[in-house]
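The opening residue of the sequence shown carries number 91 in this note's numbering; numbering runs sequentially from there.
Heads up, the beta-carbon is just placed ideally off N, CA and C, and yes, glycines get one too.
For clarity, every value in this text was computed on a predicted model and none was experimentally measured.
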Amino acid sequence: MIIKAKTIITNDKANNFYEDAAILIEENIIKEIGDFDKIKRENPDEEVLDFSDKLVMPGLICAHSHAYSAYARGMSVSKPTDNFFHVLENLWWALDKELTLEDVKLNALTTFMESVQNGVTTIIDHHSGPNAIEGSLSTMADAATDLGIRASLCYEVSDRDGMEKRDLGIAENINWIKEAEKRDDMISALFGLHASFTLSDETLAKCQKAMEEVDSGYHVHIAEGIEDEWETVKMSGKRIVDRLDAYGIFNDKTL
Ligand SMILES: [Zn+2]
Numbered sequence: 091m092i093i094k095a096k097t098i099i100t101n102d103k104a105n106n107f108y109e110d111a112a113i114l115i116e117e118n119i120i121k122e123i124g125d126f127d128k129i130k131r132e133n134p135d136e137e138v139l140d141f142s143d144k145l146v147m148p149g150l151i152c153a154h155s156h157a158y159s160a161y162a163r164g165m166s167v168s169k170p171t172d173n174f175f176h177v178l179e180n181l182w183w184a185l186d187k188e189l190t191l192e193d194v195k196l197n198a199l200t201t202f203m204e205s206v207q208n209g210v211t212t213i214i215d216h217h218s219g220p221n222a223i224e225g226s227l228s229t230m231a232d233a234a235t236d237l238g239i240r241a242s243l244c245y246e247v248s249d250r251d252g253m254e255k256r257d258l259g260i261a262e263n264i265n266w267i268k269e270a271e272k273r274d275d276m277i278s279a280l281f282g283l284h285a286s287f288t289l290s291d292e293t294l295a296k297c298q299k300a301m302e303e304v305d306s307g308y309h310v311h312i313a314e315g316i317e318d319e320w321e322t323v324k325m326s327g328k329r330i331v332d333r334l335d336a337y338g339i340f341n342d343k344t345l
């Protein structure tokens, strides 16, 4: 396939910039970028996609999303959302408790479709849904595969819904990390942690122990609200990064 474009930004180490040029793609691999006439002459049978009035560039990467929030758009929240705790309690933690596996699939499809429509070809998601934990990440991965988007998925472990849900969350992450290794290279996994203030010392130790089984990193919020820092200092005497660091959370794959 040949893509003809007005402008091409390669975003590689040389940061090359081409005008009125073309990209030659063979079996999903970019083979050449350069002069359209030359590429066409040397590859006369290749299909040409004509974007000669458009900019062509590598896909965007969304480094943190919550696909389940697709349902929050236009939602009216009747309780206060005036600080970080109220936003969590009255919006996100009220919404995510309602999610079934069917919702997880529909939210993922909605978010992933809109991502692709807006140029995002890789999405790193942080999922929650305490009443539909088991199998949620493979459900989302199937949606990503159906749409052809690249996705890194995890489940946010938290103490906020009790120890049973916490343990289901840990198991979902570990099972998913193992499963993702068997999927194609469009799909990958991390271990999700909600935030320091909803994770006890016991939970962090448990997560760290569970991670010994696999080779992965964590995906965790840090001080999304100042309240996370205040609660962490109250609970542990340490600031968030120092506390999580003491549990080995920051390995070279952690986000
Ligand atoms: Zn987030």
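Since I245 sits in a beta bridge, which residues does DSSP pair it with?
In the sequence shown, the residue the question calls residue 245 occupies position 155. It should be pointed out that residue 245 corresponds to Tyr in this sequence rather than to Ile. Looking at the DSSP assignment, Y245 forms a beta bridge with H217.
Where does F340 sit, in a helix, a strand or coil, going by DSSP?
Locating residue 340 in the sequence shown gives position 250, where the first residue counts as 1. In this structure, F340 counts as coil in the three-state DSSP scheme.
Check each candidate in N106, E246, E317, L178 and name the one with the smallest Cα separation from T293.
For the purposes of this step, residue 293 is taken as residue 203 along the sequence shown, with counting starting at 1. The residue with the shortest Cα to Cα distance from T293 is E246.
Please determine whether the Cβ atom of H154 lies at a distance below 7 angstroms from any heavy atom of ligand 1.
In the sequence shown, counting from the first residue as 1, residue 154 sits at position 64. Correct: H154 has its Cβ closer than 7 angstroms to ligand 1.
Tell me the rounded alpha-carbon separation between L189 and T171.
In the sequence shown, counting from the first residue as 1, residue 189 sits at position 99. In the sequence shown, counting from the first residue as 1, residue 171 sits at position 81. Answer to the nearest angstrom: the Cα atoms are 21 angstroms apart.
Going straight from the alpha carbon of G347 to that of D257, what length do you get?
Outside the displayed span of the chain (91 to 345) sits residue 347, for which this structure offers no information.
Assign M230 to buried or exposed, taking buried as 16 or more other Cβ atoms, counted over all protein chains shown, within 10 Å of its Cβ.
Locating residue 230 in the sequence shown gives position 140, counting from the first residue. It is buried - the Cβ of M230 has at least 16 other Cβ atoms within 10 Å.
Are I93 and L139 closer than 8 angstroms when you measure CB to CB?
As a position in the sequence shown, residue 93 is number 3, starting the count at 1. As a position in the sequence shown, residue 139 is number 49, starting the count at 1. In this structure, L139 lies closer than 8 angstroms to I93 by Cβ.
Apart from the five residues on each side of it in sequence, which residues of its chain come closer than 8 angstroms, Cβ to Cβ, to A34?
There is simply no residue 34 to check, as the chain begins at 91 and stops at 345 in what is shown.
Tell me, which residues are paired with D125 by DSSP?
On the sequence shown, residue 125 is found 35 positions in, with the first residue counted as 1. A111, per the DSSP bridge assignment.
Beta strand (DSSP E) runs wholly inside the region 192-237, at least 3 long, in chain order:
210-215
Return yes when at least one heavy atom of ligand 1 lies under 7 angstroms from the C-beta of H216, else no.
On the sequence shown, residue 216 is found 126 positions in, with the first residue counted as 1. Answer for H216: yes, Cβ within range of ligand 1.
Count the other C-beta atoms from every protein chain shown that fall within 10 angstroms of the C-beta of S167, then say buried if there are 16 or more, exposed otherwise.
Locating residue 167 in the sequence shown gives position 77, counting from the first residue. Correcting the residue identity first, residue 167 is Val in this sequence and not Ser. By the neighbour-count rule (16 or more Cβ atoms within 10 Å), V167 is not buried but exposed.
Integer Cβ distance of F126 from A112, believed to fall under 8 angstroms
Locating residue 126 in the sequence shown gives position 36, where the first residue counts as 1. Locating residue 112 in the sequence shown gives position 22, where the first residue counts as 1. Rounded, the Cβ-Cβ distance is 4 angstroms, consistent with contact.
Roughly how many whole angstroms lie between the Cα atoms of V304 and A270?
Counted from its first residue, the sequence shown places residue 304 at position 214. Counted from its first residue, the sequence shown places residue 270 at position 180. So the two alpha carbons sit approximately 11 angstroms from each other.
Closer than 7 angstroms to a non-hydrogen atom of ligand 3 - does that hold for the CB of H311?
The ligand content of the structure shown is limited to ligand 1, which means ligand 3 is not among them.
Contiguous beta strand (DSSP E) assignments of at least 3 residues, all confined to the region 133-175:
138-146, 150-155
Got a sec, what are the start and stop residues for the beta strand (DSSP E) T97 sits in?
Indexing the sequence shown from 1 puts residue 97 at position 7. Here the beta strand (DSSP E) through T97 covers 92-99.
For F287, which residues does DSSP report across the bridge?
Numbered from its first residue, the sequence shown carries residue 287 at position 197. Partner(s): none; F287 has no beta bridge.
S278 - containing alpha helix (DSSP H), residue span:
Translated into the one-based positions of the sequence shown, residue 278 becomes position 188. Element bounds for S278: not the alpha helix (DSSP H) but the beta strand (DSSP E), 277-279.
Given that a residue counts as buried once 16 or more other Cβ atoms are within 10 Å of its Cβ, and exposed if not, what is M301?
Locating residue 301 in the sequence shown gives position 211, where the first residue counts as 1. M301 should be labelled buried.
Closest residue to S286 among E319, K296, L114, M91 (Cα-Cα distance):
If you number the sequence shown from 1, residue 286 lands on position 196. Of E319, K296, L114, M91, the residue nearest in Cα terms is E319.
Following the continuous alpha helix (DSSP H) through V310, name the residue where it begins and the one where it ends.
Here residue 310 refers to the residue found at position 220 when the sequence shown is read from its first residue. Where V310 is concerned, there is no enclosing alpha helix (DSSP H), although the beta strand (DSSP E) it sits in stretches over 308-311.
S278 classed as buried or exposed, judged by whether at least 16 other C-beta atoms fall within 10 angstroms:
What you label residue 278 is simply residue 188 of the sequence shown in a count that begins at 1. Buried: at least 16 other Cβ atoms inside 10 Å.
Measuring alpha carbon to alpha carbon, tell me which residue in V177, I129, F107, E132 is nearest E314.
Within the sequence shown, the letter at position 224 stands for residue 314. Checking every option, the nearest Cα to that of E314 belongs to V177.
What span of residues does the alpha helix (DSSP H) with T190 cover, start to end?
Here residue 190 is taken as the residue at index 100 of the sequence shown, counted from 1. Here T190 belongs to no alpha helix (DSSP H), and DSSP marks it neither H nor E.
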